[in-house]
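Engineer: Pasting in a structure now, in structure tokens, and then I'll have a few things to ask.
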Amino acid sequence: MDDDNFDDSFSDDGIDELPLDTLLALEQNAYQANQQQRPDSRNDSDNPQPKPRNPNFVSLARKSSSLSASRNSSRGSFLQDPSRLLRQPLSFGDEDFQDLDAGVLDDGYDPAPVELQNTVSELGRSHGRLHAETQQVGFRSYQRARDIAVGLLLVANAHREVSQGSVVMGGMEDNNNNNNNTNDMQGGNAEVGPRLEVLAEIEAMREQIEQLSRDRERIVQELAAANSMIEAKAGEAAIIRANQAKAAEAHSRQLSAFRKQMADELKKYQAEIHSMTVHTKLLDTKNAFLEQDLKNETQKLNELRRAKAKLEENPPLTPRKPKALPHRDGFDDDEIIPSPTKSGGRGSKRGTPSVAGGRKRKAIDGSPVKAPTLELSQTFDTVTEGPDEKTEPMAIDPAPRKTEIEDRNMRFMRKILNHKTHPNKSRDLEVFTTISFPSEPGKMLSSFILTATTENSSENYAIEYAKVIISLWSRAIKETFYVPIDMFMGIIKFIINLDPSNIVPQLLDDLIPVLQNTAYVNGVARFRNSPVSHLNLGQVKHTPQNELHHEVSSTEAINLLYLTASSCQYDSDALRKFWQIMSYDFILIMLNSSQLVDDIIITLSLLPYSILPTTFGPLLRDPTLQVQNENYIIDRVANLLSERPNTDEGKEPYTPHQISTLRLEAMSFLTTIAFSSPHPSPSQNRAGRLIALHPTALARILRTIHDELDALYSNPPERELHVALVNGLTRLAYGIMRTFRDEVNLAAKLRVVPGAVQKHLVALTRLAFCEGLLLEAGIEDDTVEMAHEMLEESVNPQEAEALLEAFRVKGSK
């Protein structure tokens, strides 16, 4: 059957024309068929009982339950018109959309519960049950309800004819399924059970609807509360964002103010630093002059002390003032002494000679009381002396000098005992009460110091105290106990500065070895990791941190050596003794490029104190070893002109300024030993001849000139140092080549050093044709002239003419 025929078979066009009796018969037959063949649908899980949720059904159910008693008494077995099952039009939301033709006159009879239930059940099944999720109710009309009722009647007839299946009556349950459901529909008692079930179902539906309404209201309230909370949180978030924006803006303003303030303070501090630097330089200059004056005065004072010491051995006799006697006795004053004054007492009368020229009487030697020394009376000071009167010698009392020495010793003692080593805030002795050697933990260092300084009284407490400190220092190095070494160096430096020229010569034997051993603590470790060490030959390696002892400062130790040597510069014997004690390998180790730059610079500053008329450097007994050691020193210093110093592991590389400063010190030392020889004849300059005859020194100097010119053309911040190196190295090379012209084989020396031949010509050519402008500013005219002369000797006439022509063409362009 096609769709058109199907629609035609179930058309409801003739429903209105059917008589009332026919409709009632159809309804009764459908009800009887359902009562006979309906299975227990309550236990069927596949066909769950629909639960109508339409509020129109709820109102209808309430109405039917209120009139149930009247139906049982008045209806009987009479079945009403199906049109009466529908009550007055109900409100399904908006009354404007209700079907005005759906109204039915109410004759006062209410529909029976079974009829209502049949209609509700069939209506729910026809529409696929009401959905629980939907809260809104659709609009229905009477015409639609009537169409559904007719469809239900047709379905009931089909079930009766087929006699299979069952029609589920929504909202009705047959709890006992017994023989009470008979085909006799005449009596009203047969409908009591279904009516009760309908009422119970309607009540359950009502409660469920009320529960759902309450749940809906609760959900709506919760939703409203949630919305309120969300709005509150959104407001709080907006407030927080606004506050954060204000705080960020305030922080930005504050940060800008701080930066401006810091910039202003930085400028102010830089200005103060600049002014303090200038002031410090002025003070350093004044201090240098004062130190020089002090050294001169100290030297004069030492000479006076030596002269006074010689006079103390043979004290001079001072003349005594003669006494003018009113009466002469005819004797000379050198033959007879004057009689004592009245204050001297008359009991001690001396004997007088009996005749002229006789011998004087002597006092009795056995007297227990020594005769007092005659003194000049103050009353005779105003007496006029005669021109022919003679004087009598008198001894000088040495007591004032002894008192002066004691006062000086006590002054030094107070200063030493009150000394505090930075950064300690306590006195040195107080700090030493907390330090002990690991090998002797029960005895503190203060005990050693007090024991050694109090056993014997000394006129020079500073020397005794310094020797005790040096002995403890030496023991600490032997036991590798490096904690107090920094304090030891600070104390010794303080004691030396009390009186350098007098204290240092007495400490040389003990102080120099311990200073060298202190510098060896880290210096040897750095030397072993250098490229010249046999353990690391030819390899550039940074010294590991685990091999270094940071408690010991090699720089401070070498600085103390420099202070010691400078304190002996006016004492030739002490200075010679200093360089006799110094070890030659110490100088070579500390001039290695793996040492700290400051250590190398201080060592280069120390070496000029070793320049003597015939030697320089540490003094050795064997002349051959002395010459060999001097060549080693020249070679090491010449290598520093081109080597790049290595840093320790984990340290930043040295800056170009530090490297240029190091090379400037190396050049200064070579210039000093080459041209500052005490010998009056330059040709007899032994140190200069050593540089001239050295196989690589002169070639390295010329190659360094080329490297410094290259660095100068890049216009670095340290260009002044490069200019000074170019000028100084050119003067050094020119002076050596002119002084020892016949002994210098420059071509052979240049071939020994890689690249020296080409760099030598390039450097001299640049300098010879230098105009001193822009990047070449600072190069002196004397440097240009010297380079021009050396270039003429290094090239043949044809090469010189070609170079001149090349630079002439360049200049014309």
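Residue numbers for the sequence shown follow UniProt numbering, so the first one is 1 and each next one is one higher.
Every residue gets a Cβ at the ideal spot worked out from N, C-alpha and C, and that includes glycine.
Skipping 5 residues on each side, what residues in its chain have a beta carbon closer than 6 Å to that of K759?
Structural biologist: As a first step, residue 759 is located in the sequence shown; it is residue number 759 there, counting from the start. Excluding residues within five positions, the ones whose Cβ falls inside 6 Å are R703 and H706.
Engineer: Using only CA atoms, which one of W473, I470, R700 and F412 lies nearest to V752?
Structural biologist: Counting from one through the sequence shown, the residue named residue 752 turns up at place 752. For V752, the nearest C-alpha among the options comes from R700.
Engineer: Since A787 and A768 should fall inside the 8 Å C-beta cutoff, what is the C-beta to C-beta distance between them, to a whole number of angstroms?
Structural biologist: Along the sequence shown, one-based indexing puts residue 787 at 787. Along the sequence shown, one-based indexing puts residue 768 at 768. Rounded, the Cβ-Cβ distance is 5 Å, consistent with contact.
Engineer: Can you tell me which of the three DSSP states E440 falls into?
Structural biologist: For the purposes of this step, residue 440 is taken as residue 440 along the sequence shown, with counting starting at 1. Reduced to three states, the DSSP call for E440 is strand.
Engineer: Is the separation between the beta-carbon of M487 and that of T421 shorter than 8 Å?
Structural biologist: As a first step, residue 487 is located in the sequence shown; it is residue number 487 there, counting from the start. As a first step, residue 421 is located in the sequence shown; it is residue number 421 there, counting from the start. Yes, they are a contact pair.
Engineer: Should A574 and L548 be called a contact, given that it needs their Cβ atoms to be closer than 8 Å?
Structural biologist: Reading the sequence shown from its first residue, position 574 is the one you call residue 574. Reading the sequence shown from its first residue, position 548 is the one you call residue 548. Cβ distance not < 8 Å, so A574 and L548 don't count as in contact.
Engineer: To test your reading of the DSSP string, which unbroken beta strand (DSSP E) runs of 3 or more residues are found completely within the region 201-228?
Structural biologist: Whole beta strand (DSSP E) segments, 3+ residues: zero.
Engineer: Pick helix, strand or coil for S256, following the three-state DSSP scheme.
Structural biologist: If you number the sequence shown from 1, residue 256 lands on position 256. S256: helix per DSSP, three-state reduction.
Engineer: Output the distance between the C-alpha atoms of S668 and N715, rounded to the nearest integer angstrom.
Structural biologist: The count along the sequence shown starts at 1 and reaches residue 668 at position 668. The count along the sequence shown starts at 1 and reaches residue 715 at position 715. Each residue's alpha carbon lies about 23 Å from the other.
Engineer: I need the boundaries of the alpha helix (DSSP H) containing S593, first residue and last residue.
Structural biologist: What you label residue 593 is simply residue 593 of the sequence shown in a count that begins at 1. Here S593 belongs to no alpha helix (DSSP H), and DSSP marks it neither H nor E.
Engineer: For the alpha helix (DSSP H) holding A777, just list the boundary residues, first then last.
Structural biologist: Translated into positions along the sequence shown, residue 777 becomes position 777. Note, A777: premise wrong, no alpha helix (DSSP H); not H, not E.
Engineer: Tell me which residue opens and which closes the alpha helix (DSSP H) that V752 is part of.
Structural biologist: Start at 1 with the first residue of the sequence shown, and residue 752 comes out as number 752. Looking at the DSSP string, the run of the alpha helix (DSSP H) that includes V752 is L746 to V752.
Engineer: Over the uninterrupted alpha helix (DSSP H) stretch that includes R621, give me the two end residues.
Structural biologist: Taking the first residue of the sequence shown as position 1, residue 621 is located at position 621. Neither: R621 is in no alpha helix (DSSP H) and is coded neither H nor E.
Engineer: For Q595, I'd like the list of residues in its chain whose CB is within less than 7 Å of its CB, leaving aside the five on either flank, ordered along the chain.
Structural biologist: As a working mapping, residue 595 is identified with position 595 in the sequence shown. The answer, listed in chain order, is G523 and R526.
Engineer: Taking C-alpha atoms, which residue in V784, V762 and R644 lies nearest to L803?
Structural biologist: Your numbering for residue 803 matches position 803 in the sequence shown. Of V784, V762 and R644, the residue nearest in Cα terms is V762.
Engineer: Once DSSP output is grouped into helix, strand and coil, what is the label at Q569?
Structural biologist: Here residue 569 corresponds to residue number 569 of the sequence shown, with the count starting at 1. Q569: coil per DSSP, three-state reduction.
Engineer: Mind checking which residues open and close the alpha helix (DSSP H) that includes Y465?
Structural biologist: Reading the sequence shown from its first residue, position 465 is the one you call residue 465. Y465 -> alpha helix (DSSP H) spans Y461 to K478.
Engineer: Less than 8 Å between the C-beta atoms of T661 and N727, yes or no?
Structural biologist: Here the question's residue 661 lines up with position 661 in the sequence shown. Here the question's residue 727 lines up with position 727 in the sequence shown. No. Outside cutoff.
Engineer: Excluding sequence positions up to five away, which residues of its chain have a Cβ less than 6 Å from the Cβ of R766?
Structural biologist: Within the sequence shown, the letter at position 766 stands for residue 766. So the qualifying residues of the chain are L709.
Engineer: Could you give the DSSP three-state label for G235: helix, strand or coil?
Structural biologist: The count along the sequence shown starts at 1 and reaches residue 235 at position 235. DSSP places G235 in helix when its eight states are reduced to three.
Engineer: Over what stretch of residues does the alpha helix (DSSP H) that includes K759 continue unbroken?
Structural biologist: To locate residue 759, count along the sequence shown from 1; it is residue 759. Unbroken alpha helix (DSSP H) run through K759: A756 to A768.
Engineer: To the nearest whole angstrom, what separates the beta carbons of Q545 and D648, a pair I think is in contact under 8 Å?
Structural biologist: Position 545 of the sequence shown, counting from 1, holds the residue named residue 545. Position 648 of the sequence shown, counting from 1, holds the residue named residue 648. 7 Å between Cβ atoms; contact.
Engineer: Would you check if the region 412-421 and the region 484-498 touch, i.e. whether three or more CB-CB distances between them fall below 8 Å?
Structural biologist: Verdict: yes, contact present.
Engineer: Determine the contact status of E743 and A800, defining contact as a CB-CB distance below 8 Å.
Structural biologist: One-based indexing of the sequence shown puts residue 743 at position 743. One-based indexing of the sequence shown puts residue 800 at position 800. No, the pair does not count as a contact, with Cβ atoms beyond the cut-off.
Engineer: For V597, which of Q580, I558 and D622 has the nearest alpha-carbon?
Structural biologist: For the purposes of this step, residue 597 is taken as the residue at position 597 of the sequence shown. Per the Cα distances, I558.
Engineer: Please identify the residue among R576, V757 and E556 whose C-alpha is closest to the C-alpha of S794.
Structural biologist: The residue given as residue 794 occupies position 794 in the sequence shown. Ranking R576, V757 and E556 by Cα distance to S794 puts V757 first.
Engineer: Would a C-beta distance cut-off of 8 Å place E430 and I485 closer than the cut-off?
Structural biologist: For this step, residue 430 is matched to residue 430 along the sequence shown. For this step, residue 485 is matched to residue 485 along the sequence shown. Cβ distance not < 8 Å, so E430 and I485 don't count as in contact.
Engineer: Please return the same chain residues whose Cβ sits closer than 7 Å to the Cβ of K443, not counting the five positions on each side in sequence.
Structural biologist: Residue mapping note: residue 443 aligns to position 443 of the sequence shown, counting from 1. Cβ neighbours of K443 beyond the five flanking positions: S436.
Engineer: Output the distance between the C-alpha atoms of F586 and Q299, rounded to the nearest integer angstrom.
Structural biologist: Working through the sequence shown from its first residue, we reach residue 586 at position 586. Working through the sequence shown from its first residue, we reach residue 299 at position 299. Going from the Cα of F586 to the Cα of Q299 covers about 31 Å.
Engineer: Can you give me the Cβ contacts of A69 inside the same chain, cut-off strictly under 6 Å, excluding the 5 residues immediately before and after it?
Structural biologist: Here residue 69 refers to the residue found at position 69 of the sequence shown. Note that A69 scores a pLDDT of 40, beneath 50, so its modelled location is shaky; the value from the coordinates is reported in the next line. Cβ within range, chain order: n/a, list empty.
Engineer: Using C-beta distances below 7 Å, list every residue in its chain close to Q516, excluding the 5 sequence neighbours before and after it, in chain order.
Structural biologist: Reading the sequence shown from its first residue, position 516 is the one you call residue 516. The residues are S583 and F586.
Engineer: Could you give the residue range of the alpha helix (DSSP H) that holds I659?
Structural biologist: Here the question's residue 659 lines up with position 659 in the sequence shown. Where I659 is concerned, the enclosing alpha helix (DSSP H) stretches over P656 to F675.
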